[in-house]
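K.L.:
Please find one structure pasted underneath; my questions will follow.
Numbering (the working numbering), first residue to last: 214 to 308.
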C-alpha cells in the first residue's frame, strides 16, 4: 500500500523516487521489528542515526545556538568569500 502511494505520487508529479538513496526515519519508541517490517515493505533502508539532514541537525532541542553553529559558520565563510570576490577595495572600506 505504501509503495502504491509512492507510485501514484511518481505518476502525478512526473518525478521518480530513488529507493537506493531513500531512508526511513522512526521515532525512538518504535520497535525494531516494526521498523524492519516497514522498511522491507517499502524497499528502503532504516536510518541508523539521523543526526543531520541536508547538512542541518534533525533534532535541535533546547541547544539551538550549538545546533546551528556549524551552519552559521559555513554561511558566514561563504558570504565573506563573496565580499572578497565581488566588492572593490573602495567598497570594502565601508564595512
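Even for Gly, the Cβ is constructed at its ideal location relative to N, Cα and C.
Small disclaimer: the values here were computed from a predicted structure and weren't measured.
#1: Which of helix, strand or coil does DSSP assign to residue 261?
#2: Less than 9 Å between the C-beta atoms of residue 237 and residue 219, yes or no?
#3: Using 8 Å as the threshold, is the segment 237-246 in touch with the segment 278-288, meaning 3 or more CB pairs across them?
#4: Find out if the Cβ-Cβ distance for the pair residue 230, residue 223 is shorter than 9 Å.
#5: Is it the case that the Cβ atoms of residue 182 and residue 288 are separated by a distance below 9 Å?
#6: According to DSSP, simplified to helix, strand and coil, what is residue 266?
#7: DSSP has residue 236 in a bridge; who is on the other side?
P.N.:
In short, the structure shows the following:
#1: As a first step, residue 261 must be located in the chain shown, where it is residue number 48. Taken through DSSP and simplified to helix, strand or coil, residue 261 comes out as coil.
#2: What you label residue 237 is simply residue 24 of the chain shown in a count that begins at 1. What you label residue 219 is simply residue 6 of the chain shown in a count that begins at 1. The Cβ atoms of residue 237 and residue 219 lie no closer than 9 Å to each other.
#3: Because the criterion of three Cβ pairs below 8 Å is not met, the segment 237-246 and the segment 278-288 do not touch.
#4: On the chain shown, position 17 is the one that residue 230 refers to. On the chain shown, position 10 is the one that residue 223 refers to. Yes; because the gap between Cβ atoms is below 9 Å, this pair is in contact.
#5: Residue 182 lies beyond the residue range present for the chain, which begins at 214 and ends at 308; the question has no answer from this structure.
#6: Locating residue 266 in the chain shown gives position 53, counting from the first residue. Strand at residue 266.
#7: Numbered from 1 along the chain shown, position 23 holds the residue referred to as residue 236. In DSSP, residue 236 forms a bridge with 258.
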